[in-house]
Amino acid sequence: MIMFFGWMIAVALAIWWPRSGDGNKARVRAYTLLQRAASLHVLGFLLWILLLGIDPNDPYLLLILFVVSILGVISLTPFAVSMLGLDVGARWVGIAGTTLSVFFPTGVACYALLTLVGIYAGAAALWLIAPALGTLLLSGAAAWQLMEAYAVMRAPRARPSDHVDP
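Just so we're aligned, residue 7 is where the sequence shown starts under this note's numbering, counting upward by one.
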């Protein structure tokens with residue numbers, strides 16, 4: 007249990023700890039995009055929990071909330087890997103972490119979209135419209151930010167031999 011809380015704190019610090027970027031504009035842009043995407047994903051994930059329809063009178067409520075919080079930390083771990091990869095200068099680790107990070111918000115967005123289809127078909131409760139739309143928009147925005155961060159990290163770096171004096 008203590009390890010889980012340590013993991014949760016370490017992931018949060020790895021993502022939202024302030025970074026300077028050492029004057030590298032691309033790295034600062036990647037940091038900003040990853041932090042925005044993680045923030046949007048957390049908000050979308052919290053709305054996704056509403057879509058699950060957890061009953062507050064369930065005798066296993068604490069167990070369910072513990073499992074959901076584990077899923078939340080697992081979904082944020084690739085974001086932390088991306089940030090730490092950029093910190094140590096291993097661009098490929100940042101790219102791999104960003105690639106893995108895209109799967110979590112897009113999965114939540116697909117679930118929200120299917121919930122909206124279920125509402126339209128009459129198979130789901132009407133009150134789920136607001137959380138489903140919010141989840142879809144937030145998770146979609148997180149995925150968009152992650153794709154932009156991937157593009158920033160994949161951009162070719164300028165080599166000293168590419169510099170031309172006027």
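C-beta: ideal position from N, C-alpha, C; glycine also.
Item: Can you give me the start and stop residues for the alpha helix (DSSP H) that residue 156 sits inside?; Value: 135-160
Item: So is residue 169 buried or exposed if we call it buried at 16+ other beta carbons inside 10 Å?; Value: Any reading at residue 169 must be qualified, since the residue scores a pLDDT of 44, below 50, and its modelled position is unreliable; the value itself is stated next. By the neighbour-count rule (16 or more Cβ atoms within 10 Å), residue 169 is not buried but exposed.
Item: Label residue 71 either buried or exposed according to how many other C-beta atoms from any shown protein chain fall within 10 Å of its C-beta, with 16 as the threshold for buried.; Value: exposed
Item: Buried or exposed: where does residue 9 fall if 16 or more other Cβ atoms within 10 Å of its Cβ makes it buried?; Value: exposed
Item: With a threshold of 16 other CB atoms inside 10 Å of the CB of residue 17, please say whether the residue is buried or exposed.; Value: buried
Item: Kindly provide the ranges of any alpha helix (DSSP H) runs that are 4 or more residues long and lie completely inside the segment 10-71, ordered along the chain.; Value: 31-58
Item: Report all residues from its chain with a CB closer than 7 Å to the CB of residue 83; omit the five preceding and five following residues, and keep chain order.; Value: 17
Item: What's the gap between the Cα of residue 167 and the Cα of residue 38?; Value: Interpretation of residue 167 is limited by its pLDDT of 47, a score under 50 that renders its predicted location unreliable; no figure is taken from the coordinates.
Item: Using the beta-carbon count (16 or more within 10 Å), is residue 66 buried or exposed?; Value: exposed
Item: Between the C-alpha atoms of residue 25 and residue 75, what's the straight-line distance to the nearest angstrom?; Value: 26 Å
Item: Beta-carbon separation of residue 100 and residue 91 under 8 Å?; Value: yes
Item: Could you check if residue 156 is buried or exposed, using at least 16 other CB atoms within 10 Å of its CB as the buried criterion?; Value: buried
Item: Just to confirm the assignment, what range does the alpha helix (DSSP H) spanning residue 124 have?; Value: 97-127
Item: Is residue 8 helix, strand or coil by DSSP?; Value: helix
Item: For the segment 26-33 and the segment 44-51, state whether three or more C-beta atom pairs, one from each stretch, are separated by less than 8 Å.; Value: no
Item: Could you tell me which of 23, 42 and 7 sits nearest to residue 145, measuring between CA atoms?; Value: 42
Item: Leaving out five residues on either side along the sequence, give the residues of the same chain with a beta carbon under 7 Å from the beta carbon of residue 149.; Value: 108, 111, 112 and 115
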